[in-house]
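S.K.: In the working numbering, the protein residues as written are 9 to 148.
Glycine is no exception: its CB is placed at the ideal position from the N, C-alpha and C atoms.
Predicted, not measured: the structure shown is a model, and the values here were computed from it.
Sending over a structure as structure tokens; questions will come in a sec.
Next up, the structure:
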């Protein structure tokens with residue numbers, strides 16, 4: 009929970025990203041816009057989350073203790089102050105960096121956003137834990 013309201017942190021396991029190394033993270037997580045990260049290395053996940061704080065939100069890819077790519081979204085963690093061209097170039101770099109970690113999804117950051125969107129079925133991860141959206145119940 010990045011808004012300073014409750015300090016909640018939830019963890020879980022996810023499949024389908026096929027990530028083999030490092031981590032990817034984002035603050036574009038409708039509807040709450042907390043940080044969501046997927047990775048295989050705790051240090052890289054922590055680095056990605058901390059880097060998001062430093063750049064005031066956005067997208068980050070890390071591996072081996074280094075930031076491979078990032079896009080700062082300092083307006084509420086959702087919007088860039090850069091030009092279309094700058095944003096486009098950073099997104100291309102982010103996708104390439106995610107692919108270099110083994111991620112097989114064409115739009116991994118969109119998948120991150122939907123992973124934490126608790127208004128569409130079926131299981132979602134929020135700062136309050138795992139939510140069964142179809143039953144409107146926190147299950148873990």
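Can you tell me the Cα-Cα spacing of residue 58 and residue 67, whole angstroms?
M.R.: Straight-line Cα distance between these residues: approximately 11 Å.
S.K.: So, for residue 141: in the same chain, excluding its five sequence neighbours on each side, which residues have a beta-carbon less than 8 Å away from its beta-carbon?
M.R.: Result list for residue 141: 126, 127, 128, 129, 130, 131 and 132, in chain order.
S.K.: Can you check DSSP and say which residues form a bridge with residue 70?
M.R.: Its beta-bridge partners are 31 and 75.
S.K.: Quick check on DSSP: helix, strand or coil for residue 60?
M.R.: The answer is helix: DSSP assigns residue 60 an H, G or I state.
S.K.: Please report how far the alpha carbon of residue 116 lies from the alpha carbon of residue 106, in whole angstroms.
M.R.: Going from the Cα of residue 116 to the Cα of residue 106 covers about 8 Å.
S.K.: Under three-state DSSP, which class holds residue 95?
M.R.: Helix.
S.K.: To the nearest angstrom, how far is it from the Cα of residue 69 to the Cα of residue 30?
M.R.: Near 8 Å, if we compare the C-alpha coordinates of residue 30 and residue 69.
S.K.: Is the separation between the beta-carbon of residue 111 and that of residue 25 shorter than 8 Å?
M.R.: Their beta carbons are under 8 Å apart, which means residue 111 touches residue 25 by this criterion.
S.K.: Determine, using beta carbons only, whether residue 47 and residue 32 come nearer to each other than 8 Å.
M.R.: Yes, these two residues count as a Cβ contact at 8 Å.
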